[in-house]
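Colleague: The structure under discussion is supplied below as structure tokens; questions concerning it will follow.
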Amino acid sequence: MLLKKRQRESGEINGSSMADIAFLLLIFFLVTTTINVDTGIGLVLPPPLDPEVEPPPIKERNLMKILVNAEGLVLMDDQPASLTEVKDKLVEFIKNPTADPNLAETPQLAIVSIKTVRQTPYRIYIDMLDEVMGAYRELRDEASLANYGVPYGSLEDESEQQQQVQDLYPKKISIAEPDQE
Amino acid sequence: MAHFQKKQAGSKQEIPTSAMPDVVFMLLFFFMVTTVLREVTLKVKVQLTQAENIEKIEQKRLVSYIYIGPERLPNGQLGEDKVQIDDSIIEDIGAIRTIMYDKLLEEQRMIVSLRVDEESEFGLLTDVQEELKQASAFRVNYSTRREN
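The following block contains the structure:
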């Protein structure tokens with residue numbers, strides 16, 4: 584019998600360049616992608632109004648009307664105010680610690696209405712909204728610290744505690760249609 | 004006379020690199036999963052404004068962007084305020100309704116991120132918001148930078 588010894592080449596693929604290929608891919612993804620998180624002020628728009636249905640009545644005292652004109656001047660319930668005062672005034676309006684009959688009955692009923700004109704620069708509008716958000720954050724932090732000992736931001740998302748603080752100070756912000764000028 | 008012989012190292016002095024591709028691939032997949040591809044080319048100038056009380060949007064896949072700002076003209080100047088969605092400038096504001104409604108059908112939990120130039124006037128934004136209401140895309144986010 585003839586035994587033929589076949590000399591086989593080893594069946595291995597040279598894998599040393601695999602790392603280079605993977606590095607190339609990695610660098611491509613690093614360059615073409617963004618990792619920064621989008622930050623901003625979140626808001627939920629109200630559904631469009633049905634012209635046939637009357638809007639529910641709102642007591643005047645529960646409504647804080649904020650008007651901003653094109654020059655960035657602010658009127659709060661017909662009283663001129665500066666942007667830096669807005670937050671403190673809002674906190675007072677929502678909490679109403681002295682049970683003033685002109686301020687909100689309860690924090691749950693308080694509504695903040697922001698109205699601008701078409702010429703208002705976007706920056707001023709955002710500054711205004713920022714102040715309103717700041718007022719609510721202050722109130723929620725306070726309530727959360729008093730009840731659970733941690734600031735509102737540290738509460739777990741969609742936890743019962745977070746929900747309770749939200750129920751205590753619901754964000755009711757209305758963005759009114761600007762007047763046509 | 005004693006004869007000293009130099010001891011030779013028995014094993015090879017090499018670090019095994021066979022696991023390197025696996026490590027790099029793991030890194031690669033990590034980046035592929037946590038990031039999204041670079042956004043659209045901007046045809047409008049958007050200089051974001053600053054705010055203090057802001058939130059982060061962690062789920063980037065839910066976000067669709069609307070850019071509002073002065074149009075960049077070919078000669079390097081700035082034109083009128085325009086609205087840009089994805090890669091094109093929307094001339095007809097009424098078209099936003101159908102575009103956003105289609106996007107909403109694809110992703111029910113969509114958040115519309117409005118990236119508006121700080122010098123823009125509020126009027127155009129109102130028109131866009133009105134269209135968003137009609138498209139029942141109610142969750143919006145005013146994109147801002149963090150105040151220092």
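Residue numbers (this note's numbering), protein chains in the order written: chain P, 584 to 764; chain D, 4 to 151.
By construction, the Cβ of each residue, glycine as well, lies at the ideal position given by its N, Cα and C atoms.
Using a Cβ-Cβ cut-off of 8 Å, state whether P24(D) counts as contacting chain P.
Modeller: Sequence index remark: in the second sequence, residue 24(D) carries index 21 (1-based). True, the Cβ-Cβ gap to chain P drops below 8 Å.
Colleague: Which of the three DSSP states, helix, strand or coil, is assigned to M113(D)?
Modeller: Taking the second sequence and counting its residues from 1, the one referred to as residue 113(D) is at position 110. Residue state, collapsed to three classes: coil.
Colleague: Are any of the Cβ atoms in chain P nearer than 8 Å to that of D95(D)?
Modeller: The residue you call residue 95(D) lines up with position 92 of the second sequence. Chain P contact via Cβ: absent.
Colleague: Is V651(P) closer than 8 Å to M711(P) when the C-beta atoms are compared?
Modeller: In the first sequence, residue 711(P) corresponds to position 128, counting from 1. In the first sequence, residue 651(P) corresponds to position 68, counting from 1. Contact flag set, yes.
Colleague: Using only CA atoms, which one of K755(P), T622(P) and P634(P) lies nearest to E61(D)?
Modeller: What you label residue 61(D) is simply residue 58 of the second sequence in a count that begins at 1. If we check each option's Cα against that of E61(D), T622(P) comes out closest.
Colleague: Using a Cβ-Cβ cut-off of 8 Å, state whether M113(D) counts as contacting chain P.
Modeller: Along the second sequence, one-based indexing puts residue 113(D) at 110. No, M113(D) lies away from the interface with chain P (no Cβ there is under 8 Å from its Cβ).
Colleague: Measuring CB to CB, does P630(P) end up less than 8 Å from R701(P)?
Modeller: Working through the first sequence from its first residue, we reach residue 630(P) at position 47. Working through the first sequence from its first residue, we reach residue 701(P) at position 118. In this structure, R701(P) does not lie closer than 8 Å to P630(P) by Cβ.
Colleague: By the 10 Å Cβ neighbour count, where 16 or more other Cβ atoms means buried, how is G72(D) classified, buried or exposed?
Modeller: Position 69 of the second sequence, counted from the first residue, corresponds to residue 72(D). Buried: at least 16 other Cβ atoms inside 10 Å.
Colleague: What residues from chain P crowd round T129(D), counting only those whose CB sits closer than 9 Å?
Modeller: The sequence position of residue 129(D) within the second sequence is 126, counting from 1. Simply T699, R701, I758, E760 and P761.
Colleague: Using three-state DSSP, classify L673(P) as helix, strand or coil.
Modeller: As a position in the first sequence, residue 673(P) is number 90, starting the count at 1. L673(P): helix per DSSP, three-state reduction.
Colleague: Taking the CB atoms as reference points, tell me whether I694(P) and I641(P) lie closer together than 8 Å.
Modeller: Here residue 694(P) refers to the residue found at position 111 when the first sequence is read from its first residue. Here residue 641(P) refers to the residue found at position 58 when the first sequence is read from its first residue. Result yes, Cβ atoms of I694(P) and I641(P) sit closer than 8 Å.
Colleague: Could you tell me the distance, in whole angstroms, from the CA atom of L692(P) to the CA atom of E110(D)?
Modeller: Within the first sequence, residue 692(P) is the residue found at index 109, counting from 1. Within the second sequence, residue 110(D) is the residue found at index 107, counting from 1. Their backbone Cα atoms lie some 33 Å apart in a straight line.
Colleague: Rounded to whole angstroms, how far is the Cβ of P24(D) from the Cβ of G732(P), which I believe are closer than 8 Å?
Modeller: Your numbering for residue 24(D) matches position 21 in the second sequence. Your numbering for residue 732(P) matches position 149 in the first sequence. That belief does not hold up - the Cβ atoms of P24(D) and G732(P) are roughly 50 Å apart, past 8 Å.
Colleague: Terminal residues of the continuous alpha helix (DSSP H) containing T129(D)?
Modeller: By 1-based counting over the second sequence, the position of residue 129(D) is 126. Per DSSP, T129(D) belongs to the alpha helix (DSSP H) from F125 to Q137.
Colleague: Mind checking who E74(D) pairs with in its DSSP beta bridge?
Modeller: On the second sequence, position 71 is the one that residue 74(D) refers to. In DSSP, E74(D) forms a bridge with V47(D).
Colleague: How about S67(D): is its C-beta nearer than 8 Å to some C-beta of chain P?
Modeller: Position 64 of the second sequence, counted from the first residue, corresponds to residue 67(D). No, S67(D) does not count as interfacial toward chain P.
Colleague: Quick one: which chain P residues come within Cβ less than 8 Å of T101(D)?
Modeller: For the purposes of this step, residue 101(D) is taken as the residue at position 98 of the second sequence. Result: empty, since nearest Cβ-Cβ is about 16 Å, beyond 8 Å.
Colleague: What did DSSP end up calling D621(P) once you bin it into helix, strand or coil?
Modeller: In the first sequence, counting from the first residue as 1, residue 621(P) sits at position 38. In the structure shown, D621(P) sits in a strand (DSSP, three-state: E or B).
Colleague: So Q137(D) contacts chain P; which residues on that side make the cut at Cβ distance below 9 Å?
Modeller: The residue given as residue 137(D) occupies position 134 in the second sequence. The contacting residues are P631.
Colleague: Just the chain P side, please: which residues come within less than 7 Å of V119(D) by C-beta, in chain order?
Modeller: Mapped onto the second sequence, residue 119(D) falls at position 116. Ordered by position in chain P, the residues that pass the 7 Å Cβ test against V119(D) are Y705.
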